[in-house]
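A short worksheet on the structure shown next.
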Amino acid sequence: MMWFLYVAVGLLALAALLYVLGNYTFWLPFRSSKLPRIVMLHQVTPKDAASGMNMPPEKFEQLLTLLTRKGAIFCFVSELEQYRNQKNVVALSFDDGFMDNYLYAYPLLKKYNAKATIYLATQIEGIEKLTHEQIHEMANSGLIEFGAHTQHHVNLLKLDDQTAYDEMLQSKRDVEALVGKCPSFAYPFGRFNEKHQKMAQEIGFKNAVSTRKKSKHMKQITNLIFHVSARMVP
1 MMWFLYVAVG
11 LLALAALLYV
21 LGNYTFWLPF
31 RSSKLPRIVM
41 LHQVTPKDAA
51 SGMNMPPEKF
61 EQLLTLLTRK
71 GAIFCFVSEL
81 EQYRNQKNVV
91 ALSFDDGFMD
101 NYLYAYPLLK
111 KYNAKATIYL
121 ATQIEGIEKL
131 THEQIHEMAN
141 SGLIEFGAHT
151 QHHVNLLKLD
161 DQTAYDEMLQ
171 SKRDVEALVG
181 KCPSFAYPFG
191 RFNEKHQKMA
201 QEIGFKNAVS
211 TRKKSKHMKQ
221 ITNLIFHVSA
231 RMVP
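Okay, here's the thing in structure tokens:
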């Protein structure tokens, strides 16, 4: 019976190893440079004015400087598929639609000629939001593409199917009304299921993105219409 014990212990050890590899990101530096990265941000603003996830402007510029020196190719999240086999592809993304994205991040993006995707929660409350004029200016610059993030920044898993569908659809329509197109969607809180993936396809999103549980640094590529890669918080 000793062989059975050895096998059981071995299987437990393997399961533990797979769990660690699946939930932590220490292996990120060893990933192929041909796998695109999505860098996830929310706010870029001085710390004393920040709430939640924030990167000070000087640190954001350091990030852009580093990526530029590394030869990064900046693209929109919706463009990742066309860069699938190219090295050093980076898609910068901002969630929610904070006004500081325009005040602090946008000038630096222009300085480094870096594209970014901003996911708008179009009816979100409790934050200082981008104005329509700011959204139009950024969209017309060619450096910013806008995606949808539901209307009210809701956890889709807590909604019935029809309400979830409506949140996704109406946010897409809101963004399209502002800038004419809305190819990409970001799941609030990174929470979704297979039904929501199908909804995103039916609604007409080119791709949809989500962070992994216990790894806010990651997003994964799927083989459906969702072409998503590492989503890292610097």
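Per full-length UniProt numbering: the sequence shown = residues 1 to 234.
The beta-carbon is built from N, C-alpha and C at its ideal position, and this holds for glycine as well.
Output yes or no for whether 9 Å exceeds the beta carbon distance between residue i and residue j.
i, j, result
"residue 122", "residue 148", "yes"
"residue 98", "residue 116", "no"
"residue 39", "residue 91", "yes"
"residue 167", "residue 157", "no"
"residue 185", "residue 209", "yes"
"residue 111", "residue 58", "no"
"residue 74", "residue 67", "yes"
"residue 146", "residue 108", "no"
"residue 170", "residue 151", "yes"
Quick check: what's the CA-CA separation for residue i versus residue j?
i, j, result
"residue 26", "residue 124", "Caution is warranted here: a pLDDT of 40 is assigned to residue 26, below 50, making its placement in the model unreliable, and the coordinate value is therefore given only provisionally. If you take the alpha carbons of residue 26 and residue 124, they lie about 34 Å apart."
"residue 24", "residue 100", "For residue 24, the predicted model reports a pLDDT of 40, less than 50, meaning its position is unreliable and no value from the coordinates is stated."
"residue 265", "residue 47", "This structure leaves residue 265 out entirely; the chain is present only between 1 and 234."
"residue 180", "residue 55", "29 Å"
"residue 164", "residue 118", "21 Å"
"residue 221", "residue 86", "Residue placement at residue 221 is flagged as unreliable, the pLDDT there being 34, under the threshold of 50; the coordinate-derived value follows with that caveat. Distance between the alpha carbons of residue 221 and residue 86 is about 15 Å."
"residue 140", "residue 133", "11 Å"
"residue 72", "residue 187", "26 Å"
"residue 199", "residue 137", "30 Å"
"residue 172", "residue 63", "30 Å"
"residue 192", "residue 37", "21 Å"
"residue 182", "residue 41", "19 Å"
"residue 202", "residue 195", "10 Å"
"residue 102", "residue 142", "14 Å"
"residue 154", "residue 45", "24 Å"
"residue 159", "residue 211", "19 Å"
"residue 205", "residue 161", "17 Å"
"residue 129", "residue 69", "32 Å"
"residue 176", "residue 53", "27 Å"
"residue 113", "residue 43", "19 Å"
Thinking residue i and residue j are a contact (beta carbons under 8 Å), I'd like their distance in whole angstroms, please.
i, j, result
"residue 178", "residue 144", "No, residue 178 and residue 144 are not in contact; Cβ-Cβ is about 12 Å, not under 8 Å."
"residue 96", "residue 127", "6 Å"
"residue 83", "residue 89", "4 Å"
Which residues share a DSSP beta bridge with residue i?
i, result
"residue 93", "40, 117"
"residue 145", "117"
"residue 129", "98"
"residue 207", "184"
Report yes or no: is there a C-beta of chain D within less than 9 Å of the C-beta of residue i?
i, result
"residue 201", "Although the question refers to chain D, the structure presented lacks it and comprises just one protein chain."
Counting only runs that start and end within the segment 51-84, where is the alpha helix (DSSP H) found for 4 or more residues in a row? 57-69
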